[in-house]
Every structure is written in structure tokens, then in C-alpha cells.
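This report refers to the structure that appears directly beneath it.
Chains as they are written, first to last, in this note's numbering: chain S, 1 to 322; chain B, 323 to 651.
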């Protein structure tokens, strides 16, 4: 609509060209005055115009600030125990969100918990992403026995619910009851579905003409995989990363609740705060509500971002045109 | 379709065999059933340990142990727990307990997912769609045990106060000991009272993700040509949506639900822990992993893996039923 108007405006506003005189600027000769955008620019633009995705992004940034800059402003540490302020309700001087049974400040705990949970997610993605990408890419690109071997392996592990695999593994490593250990375990077993997604995409992409062309020009397998195929699966990769990050936070909380996650002395994470709080639901409700809400918000934010990105990558998206 | 089913069952048996071997290797390498005696004070004499090892067959070769377990499992004997009770007897009762919870939850969740998904797709970008989406996103983000604790705290307390009697129970799968003397209506109404909260908790959390799949699938279908054709030849809107659209849009949901039932077994672990149900999940955690008992863990995994495999097969067959274009061969 805007474009048609713009065209008529220019067309109407332009004086008849005098022969021999150069036209001012190139715009007049253009049929449409729409700015050319690359696909990447379009995707970014679609994302920034997507209300859902932007809500998630804003929430996520606020949580980042809360977790990483908050402790600097607040100036308290969660480790500090105060025997004269045990189980004080929210609003007590110095304890904005109250304190727990041994007098630790809940606000400081939440900040640290958010920080540690994000650390777990980061670790998880750093480990699981390359593993899943590599396995999926190899299986999908080479097919034949490589595919059978790798995918049967993935199938094998997937016959057992992920939570149970994690529990069995975590129970063998009692020293892994720290955010670091839990992050590593989550990462080592969290790549299976990514491998499946990448494989299925590669199966169809490797038949495309541009892959054939690259072969014909003598490109190596590694070059085709990394330069041609992986960039074309970028959309699914990003979407998987966000959604898996949200799952990782939930899984960490579940593991911790069952007693196989973060539970070392002086170790904390959102999952730990929430599972500790569940015991205090009726007696000290603030210990129950605030960590739960923080966990809810963080998972919600990541999921919303993932949804926004998926919409932005989807060319059949009818709503947001950019 | 018959041969397809047969072939899939054979392939699944192979997968189960290999996965049981892997799990056995993992457990055998890491679990020590004698661990609890090591820390006992005073420490039992070495001959006690040797006897126990001999008795539990820990001195045998790894492959011999696996073979012993496997040949037993094939004849329905899953071995004994460390404390000497047969695993198979326990498993059957516990499958019943977990099954009660999962079946009810899955049925409710599927119905809810279809309704919410279809409503969301039909009324895309309208107020009701946004409200449902928001609600569903909150449910997806909720940690299971936190939500369950909320239910225990408010729903159970509120309803029991309102009715003036204990109708909803927050702990256990039945009033302890009731099964010994009560039967019929008394027993089942008591079990129903115990069942409601865990079922709600499990159903709400699983339906949320499923409804998103249903909505996406429905949107895909609504944009397709045959839907436009159905409208163009004069069918009512309602009929096109329900008869032509929904049927095709159910296919992705079938996959997700079939895979989800396997995962629900895992998810039920948390729900069971919160509501103190003596089901499969509790068995795995308390009797299996905490006691370092290989037979219990293996029995659990075998049962849950059979469920996963069977439901995958059901999903494959359902595709062909829902969409005649798909031929199983």
C-alpha cells in the first residue's frame, strides 16, 4: 500500500524529462521505492517487530541485569548468615524479600540463583550444540552406515526418558552436585534431539542443486557441510537452542528437586531455591513464591524469544511482513 | 500393514535388547549393592561381604551376569531386590498405580490440547487466541513440582474447606491400609479422591505443549488448498474445520503424544514424588537408585522402554488410519 502511494507520488511529482539532461538521482527510474533488504535483515526486522519475541527479549534482558548487575547494586551475598534475622517475612528492614531459616537474604539468593541457572544454560548449550550439530550433520550428509550407526545410537538413548538417564548418570557422580557438574551432565545428554533435527534437514538439503554445484566445482565435504549446509539450517538451530535452553532450566530444577542436581553445601541455583521453597509453602510462603516466579519468568522469557525467532524465520508467516 | 507391524516389532525387540545391555553395563559399572554395608559401624567381617557377593552373583563374569538377568527377564523373572523380594511382583502393582495416573492424565490432556489448539487456530490473532496462548505459555514454563505444590496448597485446601470434609487427598494413592479390608465403591471412591490432584497436575503440564503443536498443525491445514475447495463447494465452515481440517491436523499431535507417553513416565517420577505415590517413579528412585539395586533399575527401564516402543508403533499405525495417503509398507 505504502509502496504504491510512494510510486505515484514520485511519478506525479517528477517533471517531464528533458532530452539530454541527466535525471536527478537514480530513484526516479526505479519502479518501486522499497529499500532492498537481505534475507538476514528481513529476519532481524521481523523479529524486532514481533511483540511476543520482543516481550521475551526485554524480560530476558531484565533478568540478566537482575542476575549479574543486581548483586553489585544490592551489595549482599547469599552466603552471609544472620542468626538474628531468621525466617523474617518480606519487607523487613534489609531483607526486601525476606530470609530463609538460617538467615540468608532471599533477594541475594535469587540473584545468585538466576546467575547460576544462566551459567548452567550456557554450559549446556556450549556442550550440547556442537555435539548435536556434528552428529546430525555427519549422519545426514554421509547417510548409509554412518547414518545408521549414529542414529541407532541416538535411538537407543532415547528409549529411556531423558530425566531418568540424567538421574542414573548424576547418581554415579556425587561430586557433580554443583552448577558446573549439572551443566556438564545436561550438555552431555541434551544433544540427542538436535542431532535428529539436523539430520532430517541435511537429508533434504544435500539433494539441492547448490550442493551438486559445489561438488562439481570440487569443494570438499567439510566445506560443503560448514559453508553451504549449516548456514541453511540456521533457523532450526537457533530455535532449538532457545527451546532447549528453557528445557535445561526446567530439567535442572527437576533433577535438583529429586536430589540429584545442585545440592552441595553453599551451592545454589534457581532449581535449588525452588525445591527448598516447596517444603516451606505453607509456613514461609515467600520462600516458595519468589523463586518459583523467578524460574517461571526465566523459562517464559526464553520460550517467548524462541517463538519470536521461529516466526521471524518462517517465510510463510502471514502476519509480520517486513 | 500386518508385515509392517511385524517388522517394527522385531526391530524394537532388537533395540530393547541393545539398550538393556547398555543400561546393564552402566549400572554394573557404577552401582555397588554392598555400598550401604561398607559404612556400617562396626564394619562387618570380610567373609560377610564375600558371602553376599557370591549370593548376589557379583563374582561372575559381566556377560554371565547379563545373560542370567536376560534369561530371567524373558521368562518374567526380573530377579530379586537387595532385600530379597522379587522385582516382578512389585513392578506389576506399581504399573497399576502409575498407569491410573497416566491414563487419566493423557486422556484429559489430549482432549484439552485438541480443543485449545483448534480454538487458537480458528481464532488466530483474536483476543481468545492471545489469552489461550498466554495461559499455555505460563503452563509450559511452570516447574512440575512447584505447580503440584500450588495445587496441594490451594486447590486441595480450598475445596476440602468448602465441602467441609476431606474429599481431595494430597498424599498417597489410597488411604493406607484401606485396600486390606475395603472393596468396591468405598475403595474406588477413596482412590478417586487421591487421583484427582496428581492427574490435574500431570494433565495441565502435558497438554500445554501439545496444544501448541495442535495449533500449528491446524494453522497449516487451514491454509491448504483442499480446505478452500471444501468451502468453495459449499460446505459449512464448521464442517470443513471439524471433518476436513481436524482429521489431518491430528497427525503431528499423534507423534508428540506417543513420544510423550514415554516421557510422561519420567515426568510422573516428579509428580509421584510430590504426591507421595508408590508408583513406578518412586520405585526407581527409592528402591533402585538410592539402594544401588541393579535389578530394580533394569526392571524399571525395561518396562518404560517397552511402553516407549509400543506407543511409537501405535503412532505409526495411527498415521495410516488418520491419513489414507500414508501407506505402511
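The C-beta atom is built at its ideal place from N, Cα and C for all residues, glycine as well.
The structure presented is a predicted model; accordingly, all values stated were derived computationally and were not measured.
Out of curiosity, what's the CA-to-CA distance linking residue i and residue j?
i	j	result
residue 236 of chain S	residue 229 of chain S	12 Å
residue 545 of chain B	residue 534 of chain B	17 Å
residue 80 of chain S	residue 105 of chain S	8 Å
residue 35 of chain S	residue 42 of chain S	11 Å
residue 175 of chain S	residue 169 of chain S	12 Å
residue 506 of chain B	residue 118 of chain S	52 Å
residue 94 of chain S	residue 281 of chain S	23 Å
residue 420 of chain B	residue 429 of chain B	14 Å
residue 401 of chain B	residue 617 of chain B	6 Å
residue 238 of chain S	residue 379 of chain B	50 Å
residue 309 of chain S	residue 246 of chain S	14 Å
residue 398 of chain B	residue 425 of chain B	24 Å
residue 10 of chain S	residue 311 of chain S	Note on residue 10 of chain S: pLDDT 42, under 50, position unreliable in the model; no value is reported.
residue 243 of chain S	residue 407 of chain B	43 Å
residue 300 of chain S	residue 459 of chain B	7 Å
residue 646 of chain B	residue 206 of chain S	29 Å
residue 296 of chain S	residue 63 of chain S	12 Å
residue 567 of chain B	residue 633 of chain B	24 Å
residue 319 of chain S	residue 537 of chain B	Here the model assigns residue 319 of chain S a pLDDT of 48, short of 50, so the residue's position is not dependable and the matter cannot be decided.
residue 477 of chain B	residue 492 of chain B	10 Å
Determine, using beta carbons only, whether residue i and residue j come nearer to each other than 8 Å.
i	j	result
residue 467 of chain B	residue 598 of chain B	no
residue 325 of chain S	residue 47 of chain S	Here chain S has residues from 1 to 322 only, and residue 325 of chain S is not among them.
residue 330 of chain B	residue 638 of chain B	yes
residue 470 of chain B	residue 528 of chain B	no
residue 412 of chain B	residue 559 of chain B	no
residue 216 of chain S	residue 224 of chain S	no
residue 487 of chain B	residue 159 of chain S	no
residue 601 of chain B	residue 423 of chain B	yes
residue 303 of chain S	residue 463 of chain B	yes
residue 240 of chain S	residue 270 of chain S	no
residue 133 of chain S	residue 211 of chain S	no
residue 120 of chain S	residue 179 of chain S	yes
residue 323 of chain S	residue 127 of chain S	Chain S is shown only over 1 to 322; residue 323 of chain S falls outside these bounds and no answer can be derived.
How would you write the range of the alpha helix (DSSP H) that residue i sits in, first residue to last?
i	result
residue 550 of chain B	547-554
residue 185 of chain S	179-189
residue 474 of chain B	Premise fails: residue 474 of chain B is in no alpha helix (DSSP H) and is neither H nor E.
residue 638 of chain B	616-644
residue 347 of chain B	324-352
residue 209 of chain S	209-216
residue 242 of chain S	234-258
residue 55 of chain S	51-64
residue 71 of chain S	70-74
residue 512 of chain B	506-544
residue 285 of chain S	285-313
residue 130 of chain S	106-142
residue 436 of chain B	409-444
residue 377 of chain B	368-378
residue 483 of chain B	479-485
residue 200 of chain S	192-205
residue 451 of chain B	449-463
residue 395 of chain B	384-396
residue 172 of chain S	162-172
residue 271 of chain S	270-279
Using 10 angstroms around the beta-carbon of residue i, count the other beta-carbons present and answer buried if the total reaches 16, otherwise exposed.
i	result
residue 115 of chain S	buried
residue 360 of chain B	exposed
residue 540 of chain B	buried
residue 191 of chain S	buried
residue 26 of chain S	Annotation note: pLDDT 49 at residue 26 of chain S (below 50); position unreliable, coordinate value reported separately. Its Cβ having fewer than 16 others within 10 Å, residue 26 of chain S is exposed.
residue 13 of chain S	Note on residue 13 of chain S: pLDDT 45, under 50, position unreliable in the model; the coordinate value appears next. It counts as exposed.
residue 346 of chain B	buried
residue 89 of chain S	exposed
residue 100 of chain S	buried
residue 209 of chain S	exposed
Could you name the residues of chain D that residue i contacts, counting a contact when the two beta carbons are closer than 7 Å?
i	result
residue 156 of chain S	The structure shown contains no chain D; its protein chains are S and B.
Using only alpha-carbon positions, find the residue among the options that is nearest to residue i.
i	options	result
residue 383 of chain B	B:351, B:409 and B:370	B:351
residue 497 of chain B	B:484, B:485 and B:515	B:515
residue 289 of chain S	S:69, S:107 and S:38	S:107
residue 337 of chain B	S:252, S:157 and S:279	S:157
residue 161 of chain S	B:592, B:332 and B:564	B:592
residue 615 of chain B	B:647, B:404 and B:562	B:404
residue 102 of chain S	S:276, S:303 and S:314	S:276
residue 123 of chain S	S:187, S:86 and S:145	S:187
residue 636 of chain B	B:369, B:477 and B:576	B:576
At a threshold of 7 Å, does residue i count as lining the ligand SAM (C-beta to nearest heavy atom)?
i	result
residue 244 of chain S	This structure lacks the ligand SAM; in fact it carries no ligand of any kind.
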